[in-house]
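Notes follow the structure.
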Ligand code: PHE
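Numbering (our numbering), first residue to last: -14 to 359.
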């Protein structure tokens, strides 16, 4: 592409009649517009720009000739010159905008990434059934206004037992087959309050997280504590030494046993659907008084009786009760002002029942054929 020629009639200084100048202006304008129109890149346009508006530009040279016109003819030619100049500037600016926009479009096209693309090859993995179950449980409780709290898996004796109204040598400690940690010389984990290094255990339930929450958060408290727990058990179809629990804790003014029953019923239908309901049976836990076991309608037969529920129509889900005043006191909460309830149940067992799995160990052998079903 060539820039506008500088040898147009307009640039010939010999003929300076107004007609010749006006013709030259028209020619320079048309040539300029044509050059702008064919510039295909920013570089080409920049080159055109210098021939249009630079020192040797055709219109510039005509302007120089303006001085030799008689004054009464100058105005008309000058006006035509300005107009031509403005037309060229406008056309140039528009072309520059368009080129910039199309360069941007091209860049976007080049750098486009399909984020929904599924890579070819083996199937991608997914969350483990227990993780999926935990997340669903969390969703349901968060929907009911609970927060989610977590705590350490290695706990001092204080948090796992003593603060929960289970002093040393309390007979009910045998309800939990406990794994003790041998920390050797390391004593930094024992943090006063009964937590001697030799008394560090792998938590046997998620109840110590209740204590940790109540220690730092003044009531009202509405929280759930999901997590991994440990017991000295031999793995069989319904037991694992490592499994998962979810604990619920509510502390507020005027909380009664009816609130506990209502919350569990609400949770049961939100999680399992309207066909499944809950019931409470008297029980004993050192940290709740009164205490109860809570059952739900058998999710397999929906109450009509089957092998899973031993023909009772009910399956046991977990324990619950009103938080014992000693536990509130251990956390510095005034039990005259505040009352609360707690409940806890196993997540793995829940997943097992929901999916009709008959051996808990299958969850942890990491057989992809088993896991990929969920
Ligand atoms: N922590 C008890 C257990 O593991 C369950 C429970 C939690 C019972 C909260 C009552 C209240 O057996």
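The beta-carbon is built from N, C-alpha and C at its ideal position, and this holds for glycine as well.
Just so we're clear, the structure is a prediction, and the values are computed from it rather than from any experiment.
Inter-residue spacing [alpha-carbon to alpha-carbon] between residue i and residue j
| i | j | result |
| --- | --- | --- |
| residue 344 | residue 353 | 16 Å |
| residue 177 | residue 148 | Low per-residue confidence applies at residue 177: pLDDT is 45, beneath 50, and the placement is therefore not dependable, though the value from the model is reported in the following sentence. Answer to the nearest angstrom: the Cα atoms are 13 Å apart. |
| residue 159 | residue 275 | 20 Å |
| residue 71 | residue 104 | 55 Å |
| residue 350 | residue 333 | 14 Å |
| residue 38 | residue 59 | 21 Å |
| residue 335 | residue 302 | 8 Å |
| residue 1 | residue 17 | 21 Å |
| residue 315 | residue 230 | 23 Å |
| residue 77 | residue 52 | 28 Å |
| residue 125 | residue 194 | 20 Å |
| residue 180 | residue 342 | Any reading at residue 180 must be qualified, since the residue scores a pLDDT of 44, below 50, and its modelled position is unreliable; the value itself is stated next. Rounded to whole angstroms, residue 180 to residue 342 spans 39 Å at the Cα level. |
| residue 204 | residue 197 | 13 Å |
| residue 371 | residue 107 | The question about residue 371 has no answer here: the residues shown for the chain are numbered -14 through 359. |
| residue 117 | residue 91 | 43 Å |
| residue 3 | residue 95 | 53 Å |
| residue 306 | residue 98 | 54 Å |
| residue 43 | residue 93 | 39 Å |
| residue 27 | residue 49 | 30 Å |
| residue 74 | residue 47 | 17 Å |
| residue 292 | residue 222 | 15 Å |
| residue 35 | residue 19 | 15 Å |
| residue 22 | residue 56 | 35 Å |
| residue 269 | residue 166 | 27 Å |
| residue 64 | residue 6 | 12 Å |
| residue 258 | residue 294 | 18 Å |
| residue 102 | residue 89 | 24 Å |
| residue 340 | residue 109 | 22 Å |
| residue 355 | residue 286 | 23 Å |
| residue 87 | residue 32 | 19 Å |
| residue 201 | residue 134 | 12 Å |
For residue i, the residue or residues it bridges with in DSSP
| i | result |
| --- | --- |
| residue 305 | 277 and 328 |
| residue 133 | 209 |
| residue 264 | 280 |
| residue 165 | 186 |
| residue 221 | 224 |
| residue 143 | BP columns for residue 143 are empty, so no partner. |
| residue 214 | 228 |
| residue 300 | 281 |
| residue 233 | 209 and 328 |
| residue 270 | 273 |
Closer than 6 Å: residue i CB and nearest ligand 1 heavy atom
| i | result |
| --- | --- |
| residue 148 | no |
| residue 190 | yes |
| residue 412 | A query on residue 412 cannot be resolved here, the shown segment of the chain reaching from -14 to 359 and no further. |
| residue 157 | no |
| residue 328 | yes |
| residue 270 | yes |
| residue 116 | no |
| residue 305 | yes |
| residue 273 | yes |
Inter-residue CB distance, residue i and residue j (contact presumed, cutoff 8 Å)
| i | j | result |
| --- | --- | --- |
| residue 54 | residue 10 | In fact, because the Cβ distance is near 13 Å, the residues do not count as touching under 8 Å. |
| residue 262 | residue 254 | 7 Å |
| residue 300 | residue 236 | Contact doesn't hold; Cβ gap of about 29 Å is too wide. |
| residue 188 | residue 215 | 7 Å |
| residue 246 | residue 282 | Not a contact, Cβ separation roughly 15 Å. |
| residue 326 | residue 304 | Contact doesn't hold; Cβ gap of about 11 Å is too wide. |
| residue 69 | residue 24 | Their Cβ separation, rounded to whole angstroms, is 18 Å, which puts residue 69 and residue 24 out of contact at 8 Å. |
| residue 228 | residue 331 | 6 Å |
Proximity of residue i and residue j at Cβ, strictly below 7 Å
| i | j | result |
| --- | --- | --- |
| residue 164 | residue 185 | no |
| residue 226 | residue 119 | no |
| residue 312 | residue 150 | yes |
| residue 251 | residue 266 | no |
| residue 338 | residue 284 | yes |
| residue 131 | residue 208 | yes |
| residue 157 | residue 271 | yes |
| residue 30 | residue 85 | no |
| residue 359 | residue 114 | yes |
| residue 162 | residue 213 | no |
| residue 244 | residue 264 | no |
| residue 296 | residue 288 | no |
| residue 206 | residue 249 | no |
| residue 139 | residue 346 | no |
Heavy atom of ligand 3 within 6 Å of residue i beta-carbon
| i | result |
| --- | --- |
| residue 128 | In the structure on display, ligand 3 does not appear, and the ligands it does have are ligand 1. |
Contact with chain D by residue i, beta-carbon distance below 7 Å
| i | result |
| --- | --- |
| residue 56 | In the structure shown, chain D cannot be found, because there is only a single protein chain. |
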